[in-house]
Structure formats: C-alpha cells, structure tokens
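Heads up: the structure comes next, in structure tokens.
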Amino acid sequence: MRLQAPNNSTSKRSPYLFFVLVYALSIPLWVLNVIYPIKLPVDNLPVTDIVATFTPMIAASILVYREENLSGVKNLLKRAFDYERITKKVWYVPIIFLMPFIYVLTYVIMRLFGLPVPTVWIPPLFTPFLFIALFFAAAGEELGYTGYVTDPMQARYTALTASLIIGLIHAVWHFPSAISIGYTLGLYIWGVIVLGVTFRILTVWLYNNAGKSVFAAILFHAVTNTGRSIFPGSRSAFELYDGAIGYGLIAITTVIVVYLWGSKTLARFRYTHRAD
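Heads up: the sequence shown begins at 103 in our numbering, then just goes up one per residue.
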C-alpha cells in the first residue's frame, strides 16, 4: 500500500523545535493555573486548558509561517477538514466506533465485576455541544501533532517509533493538568503515559490508512474525549482502579493494531498480499 503523500513538503519541518515551542507557549498557562486554579465543569479540567489545547496549532502555525509563509499556514489550517483524503470510507468505522466500543466493553467488564458504576445510563443532553467543543479542541492539538510533526517524524523513523516519541512528549505535556486534577500515581501511569502513547499510535495508524487525513485524526480525538467524558458515572467512573480496565483495553487494542499492520508504516495489513 502506498500512502498518499501530503500536499505540503515535510523537508523543512522542525519536529523538535515544534515540541520546544509547544512547551514554551504552555508554561505561562501552567503557571497561571497554579496562581488562579479555576476548574471547568467538564472532567474537572483547569480553565487554562482551553488555551493550552491550542498551543500545538499555534506552534505549528509559527513554524510553517517561517518555513512556507502565510500560504503554508492557510494550507495547514485547511487540513482540519481534509476529509476528501479519506477515499476508503471503511476507515470511518474505526475512526468513529473503535473508542466507543472500548468504552462499552469497559462498562460491561465493570458491571460484571460489580464496580460502582450506574446501572442505567442516559446520554447527557449537552453531548452534541460537548462534541463540537472537543472537536475544535482536538483540532488545536492535531493540526500540530498530526498536521505538522507526524510526517517528518515518520520520514526519520518508523511509524511506531515516531508515534512513541510524539506520544511520550505529548503525555508529559499533560502532566501539569493531571497534577491540577489530582491524579494518583497509578492514573499518571495509565491515564497519562499509557493513554498518551497508545492513543498516538492509534491516531497515526488511522492517519496513515485514511489517506493521511488530519480530519480523521481530529474526529478520532474528539470521539475519544467525548466518550470518556460522558461515560456512565462520568470520567471518574471510567478511571476507577486508576483506569486500568479502560486504558488497559486501549493498550491491548494498540498491541493488536501494531501486530496486524506492522511497526514500519502501521499501514500494511499482515494478512493481505500486496504487489507493492
């Protein structure tokens, strides 16, 4: 399978400068949250996360402007809705339904083991509005992590190695927010590090197989966050026992994906003969 090459050149991209710039832009927000710790009504997240989630997009825009001028920035932002790249529509199935399936399976396992989760669940009325908000938040992250840095990282390393590096850096970036929420050590491991790395591998897998569509990554990201926020009993219920059940299932899914699609590109299905 030959991956669709992105329209914008990746030869001028500066992945590690991007990471440094994301952190530099985020530090003032982390400090502000320490001074004025105000929380959002959803998932008890710091209010400063509203701005912080757009720092990857801002960092990418700054670097693209330096590398490709204003036209490059416009092309980058347009990729938030590059759904026309997804020529194989079957990939909408994992993009939209993979994480909800894992959440349902998590809930079933919790119920089987008698964990304190609600026996009746009705989707909150605000779910569509939450999804829209989280879609734009996901765009703020994925225009940077997927739209700017993924391709040049894959050009230097294998898809799996690139995903591990991006995922770990992104996971560490979430530490200040996790500290503000009050995560336990176990949740740092499962909910930040394990999720950060496995989620990035799954995102790159979908990106590579969906015509290198940034929209696919954004949609997957938004569905993931929305599903966790509206989980029966809220995110706190999903993260019972340090989230080991739900995040463990995501990790198992990721191992299966890497085995089936291969670590080099995450896009060559093991059991399909390919002439190229």
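Even glycine gets a Cβ: it sits at the ideal position worked out from N, Cα and C.
Since this is a predicted model, take the numbers as computed values, not measurements.
Put simply, the stretch 325-338 does not touch the stretch 257-264. Fewer than three CB pairs are less than 8 angstroms apart.
Alanine 126 is classed as exposed because its beta carbon has fewer than 16 other beta carbons within 10 Å across all chains shown. Residue state for proline 218 is assigned as coil, using DSSP reduced to three classes. Counting the other CB atoms within 10 Å of its CB gives asparagine 146 a total below 16, which places it among the exposed residues. The residue from Ala339, Val166, Tyr309 with its alpha-carbon nearest to that of isoleucine 188 is Tyr309. With a cut-off of 8 angstroms on Cβ pairs, the stretch 118-125 is in contact with the stretch 157-169, counting three or more such pairs. By the neighbour-count criterion, in which 16 or more other beta carbons inside 10 Å mark a residue as buried, valine 133 falls on the exposed side. It is roughly 39 angstroms from the alpha-carbon of glycine 216 to the alpha-carbon of phenylalanine 156.
Per DSSP, reduced to three states, the secondary structure at proline 226 is coil, with no helix or strand assignment. The C-beta of glutamate 186 has fewer than 16 other C-beta atoms within 10 Å across all chains shown, which makes the residue exposed.
When rounded, the separation of the alpha-carbon atoms in serine 365 and phenylalanine 233 is 31 angstroms. Of the candidates Ala339, Pro139, Val222, Leu245, the residue whose Cα lies closest to the Cα of valine 166 is Leu245. By the CB criterion at 7 angstroms, alanine 324 and phenylalanine 183 fall outside the cutoff. The beta-carbon separation of glycine 335 and valine 219, rounded to 5 angstroms, stays under the 8 angstroms limit for a contact.
Counting C-beta pairs closer than 8 angstroms gives fewer than three between the stretch 357-371 and the stretch 174-183, which falls short of the contact rule.
Judged by DSSP secondary structure, alanine 257 falls within the alpha helix (DSSP H) whose first and last residues are 252-258.
Note on serine 338: under 16 other CB atoms within 10 angstroms of its CB, so exposed under the neighbour-count rule.
Taken atom to atom, the span from the alpha-carbon of valine 316 to that of glycine 174 is near 15 angstroms.
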